[in-house]
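Following the numbering used here, the residues of the sequence shown are numbered contiguously, the last one being 214.
Worksheet: the structure to be examined is printed underneath.
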Amino acid sequence: MRIKICGITQPQQGKAIASFGATALGFICVPTSPRYVKIPQILAVVEKLPEKIDTIGVFANTSIEEIVQTVVDSQLTGVQLHGDESPDFCQLLRQSLPKVELLKALRIRSGQDINKAEAYSVCVDTLLLDAYHPQQLGGTGKTLDWNMLEQFKPSSPWFLAGGLTPDNILEALSQVNPSGIDLSSGVERSPGDKDLDKVARLFEKLVQHRS
Ligand SMILES: O=C(O)c1ccccc1NCC(=O)[C@H](O)[C@H](O)COP(=O)(O)O
Numbered sequence: 004m005r006i007k008i009c010g011i012t013q014p015q016q017g018k019a020i021a022s023f024g025a026t027a028l029g030f031i032c033v034p035t036s037p038r039y040v041k042i043p044q045i046l047a048v049v050e051k052l053p054e055k056i057d058t059i060g061v062f063a064n065t066s067i068e069e070i071v072q073t074v075v076d077s078q079l080t081g082v083q084l085h086g087d088e089s090p091d092f093c094q095l096l097r098q099s100l101p102k103v104e105l106l107k108a109l110r111i112r113s114g115q116d117i118n119k120a121e122a123y124s125v126c127v128d129t130l131l132l133d134a135y136h137p138q139q140l141g142g143t144g145k146t147l148d149w150n151m152l153e154q155f156k157p158s159s160p161w162f163l164a165g166g167l168t169p170d171n172i173l174e175a176l177s178q179v180n181p182s183g184i185d186l187s188s189g190v191e192r193s194p195g196d197k198d199l200d201k202v203a204r205l206f207e208k209l210v211q212h213r214s
């Protein structure tokens, strides 16, 4: 299972989280977020990481030019679209970045939002299901209604996100079967400042899940 820790801002924390076993780190490229990082800050983290880890830039409702520039300059391996981007936008971005993993986040409020998944499955590599919040796009700490996802089996791989913590991860994984999990505020001291003790506890729980 892929394990993505999102909202990384500090090189030493990124390196430590990679050594615990994260398979992907996320960088918030959304200026209104308290976890916002610019290109030099992302590069400072990326340069300390082992090559095999995925590095994902998270964007929302911005231009293709801005995304491409950030991906190239920050040496990112993936782009997560976390706003209201349409399938057409995803397809255009794919043409500009054919070798970069493309993820589309869907913020789930109802079954209707889940039904949108298939339209994106054909134009992105991976889906990410996050909780809906009326004011915030992500990093909200709100959980999804996992019951709604018990039968969710899209044609592309998908991450479960939204309010996951070391305390609830086993319960979540007992109900749903994602290809990966994504955590941010559940392993933080404050926005952008990861709590390495919580990250360690998460990986202990994931060992229990496997055995
Ligand atoms: O984390 C942010 O501040 C953020 C801001 C704007 C768009 C997306 C953002 N985060 C995206 C993520 O992938 C988070 O990991 C995801 O929303 C889960 O967050 P949490 O509920 O805190 O685990």
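Glycine residues also receive a C-beta, built at the ideal position from the N, C-alpha and C atoms.
Just grab the DSSP bridge partners of PHE206 for me. PHE206 is not bridged to any residue.
May I ask whether a heavy atom of ligand 1 can be found less than 7 Å away from the beta carbon of PRO37? PRO37 Cβ: within cutoff of ligand 1.
Distance check for GLY195 and GLY142, CA to CA, integer angstroms please. Answer to the nearest angstrom: the Cα atoms are 10 Å apart.
By Cβ distance below 8 Å, which residues in the same chain neighbour THR80 in space, the five residues on each side in sequence not counted? Once the five neighbours on either side are set aside, the close Cβ partners of THR80 are ASP57, THR58, ILE59, VAL103, GLU104.
If the criterion is Cβ atoms closer than 8 Å, does the pair LYS201 and PRO169 meet it? Yes.
Can you tell me whether ALA19 sits near ligand 3, meaning its C-beta is under 7 Å from at least one heavy atom of the ligand? Ligand 3 is not part of the structure shown, which contains ligand 1 as its ligands.
Short Cβ contact (8 Å threshold) for LEU209 with GLN16: Cβ distance not < 8 Å, so LEU209 and GLN16 don't count as in contact.
Where does ALA120 land, buried or exposed, given buried means 16+ other C-beta within 10 angstroms? Buried is the label assigned to ALA120, since at least 16 other Cβ atoms lie within 10 Å of its Cβ.
Relative to the C-alpha of PHE30, which residue among PRO101, GLU191, ALA164, TYR39 is closest? Nearest C-alpha to PHE30: TYR39.
For the pair the region 83 to 101 and the region 42 to 52, tell me if three or more CB-CB distances fall below 8 Å. No, they do not touch.
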